[in-house]
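K.L.:
Protein chains in written order, with the numbering used here: chain A, 61 to 251; chain B, 35 to 166.
Each residue gets a CB set at the ideal place from its N, CA and C atoms; glycine is no exception.
Note that the structure is a prediction, hence the values are computed from the model and not measured.
#1: Name the chain A residues whose beta carbon is nearer than 8 Å to that of residue 85 of chain B?
#2: Among residues of its own chain, excluding the 5 on either side of residue 95 of chain B, which ones have a beta-carbon nearer than 6 Å to its beta-carbon?
#3: By the criterion of Cβ-Cβ separation under 9 Å, what are the contact partners of residue 136 of chain B in chain A?
#4: With 8 Å as the C-beta to C-beta threshold (strictly closer), list the residues of the stretch 185–218 of chain A near chain B in chain order.
#5: Less than 8 Å between CB atoms is the rule here; does residue 111 of chain A satisfy it with respect to chain B?
#6: Grab the span of the beta strand (DSSP E) containing residue 135 of chain A for me, first residue to last.
#7: Residue 106 of chain A touches chain B at which residues, Cβ-Cβ below 8 Å?
#8: Look at residue 117 of chain A and residue 216 of chain A and say whether their C-beta atoms are less than 8 Å apart.
#9: Starting from residue 227 of chain A, trace the beta strand (DSSP E) in both directions and tell me its first and last residue.
#10: Name the chain A residues that come within less than 7 Å of residue 69 of chain B, Cβ to Cβ?
#11: Note down, in chain order, every chain B residue with its Cβ under 7 Å from the Cβ of residue 103 of chain A.
#12: Please report the straight-line C-alpha distance between residue 72 of chain A and residue 78 of chain A, rounded to a whole angstrom.
#13: Smallest Cα separation from residue 200 of chain A: which of B:100, B:128, B:92?
#14: Using the Cβ count rule (16 or more neighbours within 10 Å means buried), how would you classify residue 46 of chain B?
#15: Assuming contact is defined by CB atoms lying nearer than 8 Å, are residue 118 of chain B and residue 70 of chain B in contact in what I supplied?
#16: With a CB to CB cut of under 6 Å and the five nearest residues on each side skipped, what residues in its chain are close to residue 162 of chain A?
#17: Three Cβ pairs or more, each shorter than 8 Å: is that satisfied between the stretch 163–173 of chain A and the stretch 123–136 of chain A?
#18: Give the C-beta separation of residue 98 of chain B and residue 58 of chain B to the nearest angstrom, bearing in mind that I take them to be a contact with Cβ-Cβ under 8 Å.
#19: Closer than 7 Å by C-beta to residue 233 of chain A: which residues in its own chain qualify, once you throw out the five before and the five after it? Chain order, please.
#20: What are the boundary residues of the beta strand (DSSP E) that residue 195 of chain A is part of?
#21: How would you list, in chain order, the residues of chain A whose beta-carbon sits under 8 Å from the beta-carbon of residue 108 of chain B?
#22: Quick check on the burial criterion: 16 or more other C-beta atoms within 10 angstroms. Buried or exposed for residue 40 of chain B?
#23: Could you spell out the range, first to last residue, of the alpha helix (DSSP H) harbouring residue 202 of chain A?
#24: Grouping DSSP H, G and I as helix and E and B as strand, with all else coil, what is residue 112 of chain B?
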């Protein structure tokens, strides 16, 4: 009679063990599954909504580009490299188009060339006929200040100098427009 | 006499500044080892041969020279890249689970293994404890 009680007790113990193991493993599996489905490229930048880091960039065309001189304009800061193929090559014509079409409406495109050599960088600018300000970040200070992971990355800064958007990968004219359109309207609405 | 005194002083100062520089180098390495290289796969800024990592190491060293503390420098990188830049998760709140979790799991495993072994290796012991 007593010996019969043991298997019952053991059975419930095994069941409890299973429940405990499931309770531990199931959440882990869920956490890992969620982690694997996240895109590592969309890590949100802590800079969004904050004052954008200011910088002075020595330009290929000579002279410095100082962000402080462009308050009141919409700044599109594009980090690129000549070896960044194909993404930087895909977006290059788009950036030039945005610059040509919106420079008279208070939009400034500025290229920050990073982790590159001067000659291929200059060749890239020539190849795409870029006329917007462009310079080399030789020490990486600007890249690090902007929390850049790689190229290309594009940041949009509003008229008040606030960082409003970060784009990782090739940008298009449309994706930039979508972000700057509300800012342009605010600008034209003013007396 | 005076000249040799100056020489001695210069020597002592030279050694002292050398030791100080070495200390700062070690500090810079320790900070770089805490940071994830942004353009690499799971590699620290200290270990990576990438250009951006090298630029970060220079920046760390410059900030140490300027008198920043290691915590201030790490906080600067976190403010730019988010906590993602830290190779070790910060010790606070829910994140403590990541730190204590493995030890707890090991302990639980040991307890389970001990219970299992006691049952299988000494099956008669139950009869000894329970004479009925």
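P.N.:
Working from what's here:
#1: Those within 8 Å of residue 85 of chain B in chain A are 175, 200.
#2: So the list reads 62, once near-sequence residues are dropped.
#3: Ordered by position in chain A, no residue passes the 9 Å Cβ test against residue 136 of chain B, which lies about 12 Å from the chain.
#4: The stretch 185–218 of chain A vs chain B, Cβ under 8 Å: 199, 200, 201, 203, 204, 205, 206, 207, 208, 209, 210.
#5: No, because no Cβ of chain B sits closer than 8 Å to the Cβ of residue 111 of chain A.
#6: Residue 135 of chain A -> beta strand (DSSP E) spans 134–140.
#7: Result: 112, 113, 114, 115, 116.
#8: Between residue 117 of chain A and residue 216 of chain A, the gap from beta carbon to beta carbon reaches 8 Å or more.
#9: In the DSSP annotation of this structure, the continuous segment of the beta strand (DSSP E) that includes residue 227 of chain A starts and ends at 223–228.
#10: Within chain A, no residue comes near residue 69 of chain B; the closest Cβ sits about 11 Å away, beyond 7 Å.
#11: Listed along the chain, the chain B residues whose CB falls inside 7 Å of the CB of residue 103 of chain A are 116, 118.
#12: The alpha-carbon atoms of residue 72 of chain A and residue 78 of chain A are separated by roughly 10 Å.
#13: Nearest of B:100, B:128, B:92 to residue 200 of chain A, Cα basis: B:92.
#14: Flag for residue 46 of chain B reads exposed.
#15: Taking C-beta atoms as the reference points, residue 118 of chain B and residue 70 of chain B count as a pair closer than 8 Å.
#16: Excluding residues within five positions, none has a Cβ falling inside 6 Å.
#17: Judged by Cβ distances under 8 Å, the stretch 163–173 of chain A makes contact with the stretch 123–136 of chain A, as three or more pairs qualify.
#18: At roughly 5 Å, the Cβ-Cβ gap stays under 8 Å, so residue 98 of chain B and residue 58 of chain B are in contact.
#19: Counting only Cβ-Cβ distances below 7 Å, and skipping sequence neighbours, we find 154, 157, 158.
#20: Per DSSP, residue 195 of chain A is one residue of the beta strand (DSSP E) stretching across 194–196.
#21: Those do not exist, as residue 108 of chain B stays about 13 Å from chain A at its closest Cβ, beyond 8 Å.
#22: Classification of residue 40 of chain B: exposed, given that the 10 Å Cβ count is below 16.
#23: Residues 201–205.
#24: Shown here, residue 112 of chain B sits in a helix according to DSSP, grouped into three states.
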